[in-house]
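Enquirer: Following this message is one structure expressed as structure tokens.
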Amino acid sequence: MEYVPGLQGIPATQSKISFLDGQQGILTYRGYPIVELAKHSTFEEAAWVLINGELPNAEQLACFDAELRANRRVKYNVRDIMKILPIDGHPMEALQTCVASLGMFYPGQERMTANGISADSEFVEQMIVKILASMATLVAMWEHIRRGDDPVQPRTDLTYAENFLYMMNEREPDPVESRIMDACLVLHAEHTINASTFAALVCGSTLAPPNLVVASAIGTLAGPLHGGANQRVLNMLDEIGSVEKVSDWLDQRLASKQVVWGFGHREYKVKDPRADILQGLLEDLRVHRKGYLSPLYDIACELERCAEQRLAPKGIYPNVDFYSGLLYEALGIPRDQFTPIFAISRTAGWLAHWKEQISHNRIFRPTQVYDGAPVRAYSPMAAR
Ligand code: ACO
């Protein structure tokens, strides 16, 4: 038996949900190119595609959208849970805590094995909508509660992206901001069997309730090698300080064997197609704001240019986390909320994989290569 660190190249599941070609920079959801979805779909439509496998017709989309809108409010007691959390705790921890608690407010675990072994499909659909709809509310609620303010109640007359920005910033976004938010949510919604989706699958395969499946995935997404890289990118751009300092900074960074946040990917050996689209959205925003964009964007572009000579030969290019934070900051979102926004969006993919997993479930139970001590005699305390 050969142990492969990080399971590189080992298929851990079979799935119809998304596909990526890391040599050509292609990503599709259910066969539809991400470029098309980011341009033409709302997050609601992309989530439907992921969860149900086909583009919805007008009636299906309207029905799904109406259910999401109707489920935006969360139980009042979740607010009380948030109130006792430390205000300087990371929002990913607050989010995980609250998502983990949702099953206590919306019980139904017994319906996971309704017919002896398979889950009750009505419960599966209800929980997908409840969890997906709640995510944006939870992230925005924590933003206000940690500031000592009352949360802004969700509205049902706004799209998912509009309502999220409204709840965060207490003002309705303009159409360009909403379109950018929507595209960001579409782009982050799914990405084959990445670390957090794998965590969701493992948890889901035990037939644990779906809120705990999502809580497992949130914990996994939080790490800096995965979704947690996006907030670190902005701190890194701040640390670099100016366009002129980029080249020397990069040399020192690589000489000290530190990673450049927002670069590199296990699967992509070219620039992540999502990074290209996000960069395009930044350019759109620059036009919309009459030429103004954060000076950090110029530093980021220069870093990408310098890295072309030093990292690209090893197949290391900007990933999805490199440009996303610049967009979120431009939309008025605090840096430590970037990864929770990623989680809002990725919940669509996690739940699509959960639904697929439990439709033909077998518990994950891999094996290991043991290289510890052989069987040996126990030594009593007095003899040690
Ligand atoms: N900066 C500098 N060098 C890098 C980077 C980087 N960002 N990424 C990889 N490398 C180098 C490694 O040092 C290693 O070099 P070596 O062969 O000389 O030792 C080589 O490239 C291979 O790197 P691994 O870490 O083995 O690649 P792996 O596939 O295991 O890791 C990962 C991928 C974790 C994404 C890595 O590229 C990384 O740490 N990137 C920075 C963190 C980041 O941006 N994460 C977000 C990824 S996207 C997402 O999860 C949503």
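Residue numbers (the working numbering): -10 to 373.
All residues carry an ideal CB built from backbone N, CA and C; glycine is no exception.
Please read these numbers as outputs of a predicted model, since none were measured by experiment.
Return the CA-CA distance between Arg191 and Ala372, expressed in angstroms with no decimal places.
Expert: A small fix is needed here, since residue 191 is Val in this sequence, not Arg. Taking the straight line joining both Cα atoms gives about 42 Å.
Enquirer: Please identify the residue among Arg221, Glu233 and Leu271 whose C-alpha is closest to the C-alpha of Trp250.
Expert: Checking every option, the nearest Cα to that of Trp250 belongs to Arg221.
Enquirer: Since Leu223 contacts Arg324 with CB under 8 Å, what's their CB separation in whole angstroms?
Expert: Indeed, because the Cβ distance is near 5 Å, the residues count as touching under 8 Å.
Enquirer: What separation, rounded to the nearest whole angstrom, lies between the Cα atoms of Arg365 and Tyr359?
Expert: Looking at the two C-alpha atoms, the distance is approximately 15 Å.
Enquirer: Comparing alpha-carbon positions, which option in Met101, Gln357 and Thr126 lies nearest Ala83?
Expert: It is Thr126.
Enquirer: For Thr2 versus Ile134, is the C-beta spacing smaller than 9 Å?
Expert: No, Cβ-Cβ distance for Thr2 and Ile134 is not below 9 Å.
Enquirer: What I want to know is whether the C-beta of Trp238 ends up closer than 8 Å to one or more non-hydrogen atoms of the ligand ACO.
Expert: Checking the Cβ of Trp238 against the ligand ACO gives no.
Enquirer: Grab me the residues of Arg80's own chain with a C-beta within less than 6 Å of its C-beta, minus the 5 sequence neighbours each way, in chain order.
Expert: Checking the sequence shown, residue 80 turns out to be Pro, not Arg. Contacts found: Trp131, Asp325, Gln326 and Pro329.
Enquirer: Since Ala412 and Val202 should fall inside the 8 Å C-beta cutoff, what is the C-beta to C-beta distance between them, to a whole number of angstroms?
Expert: The requested residue 412 does not occur in the structure, where the chain is confined to residues -10 to 373.
Enquirer: Just to confirm, are Arg61 and Thr148 a CB contact at a threshold of 9 Å?
Expert: It is not a contact, given that the beta carbons lie outside the stated cut-off.
Enquirer: Tell whether a beta-carbon distance below 9 Å holds between Ser283 and Leu315.
Expert: A contact, by the Cβ cut-off of 9 Å.
Enquirer: Does DSSP put Tyr149 in a helix, in a strand, or in coil?
Expert: It is helical.
Enquirer: Going by the DSSP bridge assignment, what does Phe252 pair with across the sheet?
Expert: DSSP lists Pro307 as partners of Phe252.
Enquirer: Is Asp240 helix, strand or coil when you go by DSSP?
Expert: Asp240 falls in the helix class under three-state DSSP.
Enquirer: Helix, strand or coil, according to DSSP, for Ser7 in the structure here?
Expert: If DSSP states are grouped into helix, strand and coil, Ser7 belongs with the strands.
Enquirer: Measure the C-alpha to C-alpha separation of Glu25 and Asp265 and round it to an integer number of angstroms.
Expert: Rounded to the nearest angstrom, the two C-alpha atoms are 13 Å apart.
Enquirer: Given Phe153, which residues of its chain have a CB within under 6 Å of its CB, disregarding the five upstream and five downstream residues?
Expert: Same-chain partners within the cutoff: Ala125.
Enquirer: Are the beta-carbon atoms belonging to Arg294 and Tyr286 less than 9 Å from one another?
Expert: Not in contact: Arg294 and Tyr286 (Cβ atoms no closer than 9 Å).
Enquirer: Cβ-heavy atom distance between Val24 and the ligand ACO below 8 Å?
Expert: No - the ligand ACO has no heavy atom lying nearer than 8 Å to the Cβ of Val24.
Enquirer: Provide the residue span of the beta strand (DSSP E) that contains Ile15, from first to last.
Expert: Start and end: Ile15 to Tyr18.
Enquirer: If the criterion is Cβ atoms closer than 9 Å, does the pair Tyr306 and Phe353 meet it?
Expert: Contact flag unset, no.
Enquirer: Can you tell me whether DSSP reads Tyr21 as helix, strand or coil?
Expert: Three-state result, Tyr21: strand.
Enquirer: Under the three-state reduction of DSSP, which class applies to Gly280: helix, strand or coil?
Expert: The answer is coil: DSSP assigns Gly280 none of H, G, I, E or B.
Enquirer: Between Lys246 and the ligand ACO, is the CB less than 8 Å from at least one heavy atom?
Expert: For the ligand ACO, at least one heavy atom lies less than 8 Å from the Cβ of Lys246.
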